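Here's the structure, in structure tokens; my notes come after.
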Amino acid sequence: MELSRRDALAVLAGGGILGAAGATALSRESLPDGTDGGHDDEARAASPAELVDALVATAHVVYPSEVSNVDEFVETYATGRIENRPEYREGALAALTDLNAHATLSYDGRYVDLDRDLRATLLDEVGVKTAEPNPDGTTAERVRYYLVNEPLYALYASPTGGTLVGIENPQGHPGGTESYQRGPQS
């Protein structure tokens with residue numbers, strides 16, 4: 055099952071995050087710089103571009119194996135999600151900075167630099183699997199909220215990803231009452 059940039063834009067538009075004019079302007083270059091110069095390399099805060107990379111890396115851990123084109127889909131969604139939402143972006147960056155601290159301590163590398171299996175192990179060690187998502191909670195709760203639930207929401211709210219769980223017509227996407235009266239297609 056191949057996700058597309060169009061799927062990501064549909065999720066953003068369906069969630070009221072993106073207007074029609076904004077779709078053409080989405081790119082990594084439009085993200086704020088995020089450099090602060092005051093931290094050493096090991097403990098420095100994550101940048102918005104690193105946040106996008108972390109969301110892509112997390113998607114590779116939590117998405118089903120039959121999903122393809124994950125990078126483009128998540129990059130498009132994540133850029134649109136964080137571009138003009140400074141409070142959300144700052145919370146997500148703080149969660150990533152904390153996760154990077156755990157990764158550095160346990161595996162001597164930043165989260166995005168770990169291989170897929172080590173990223174999955176790190177998420178388990180931090181307690182993300184059993185954490186309730188909370189933007190103001192513990193590290194595990196914030197990582198769950200910002201870095202795990204976001205790419206999962208994007209997947210299952212997209213027209214293509216929704217078919218994985220039998221939602222051919224996610225809320226916010228046209229289809230009318232006929233789409234709700236028939237069963238899932240096999």
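Residues 55 to 240 in my numbering are what the sequence shown spells out, letter by letter.
Beta carbons: idealized from backbone N, C-alpha and C, even for Gly.
Please read all numbers here as calculations on a predicted model, not as lab measurements.
Check	Outcome
Look at the alpha carbon of Leu172 and the alpha carbon of Gly134, and state the distance between them as a whole number of angstroms.	28 angstroms
Count the other CB atoms, across all protein chains shown, that sit within 10 Å of the CB of Asp107; report buried if there are 16 or more and exposed otherwise.	buried
Determine the direct distance from the alpha carbon of Val115 to that of Thr170, and round the result to whole angstroms.	The sequence shown places Arg at residue 170, not Thr. When rounded, the distance between both Cα atoms is 6 angstroms.
According to the Cβ coordinates, are Tyr161 and Leu150 closer than 8 angstroms?	no
Looking at the structure shown, is Ala185 part of a helix, part of a strand, or coil, going by DSSP?	coil
Quick check on the burial criterion: 16 or more other C-beta atoms within 10 angstroms. Buried or exposed for Arg120?	Residue identity check: residue 120 is Glu in the sequence provided, not Arg. The residue in question, Glu120, is exposed, as its Cβ has fewer than 16 Cβ neighbours within 10 Å.
What distance in whole Å lies between the Cβ atoms of Tyr165 and Leu176, which are believed to be in contact at a cut-off of 8 angstroms?	7 angstroms
Could you work out which residue in Ala113, Pro118, Gly145 and Pro140 is closest to Thr130 when comparing CA atoms only?	Ala113
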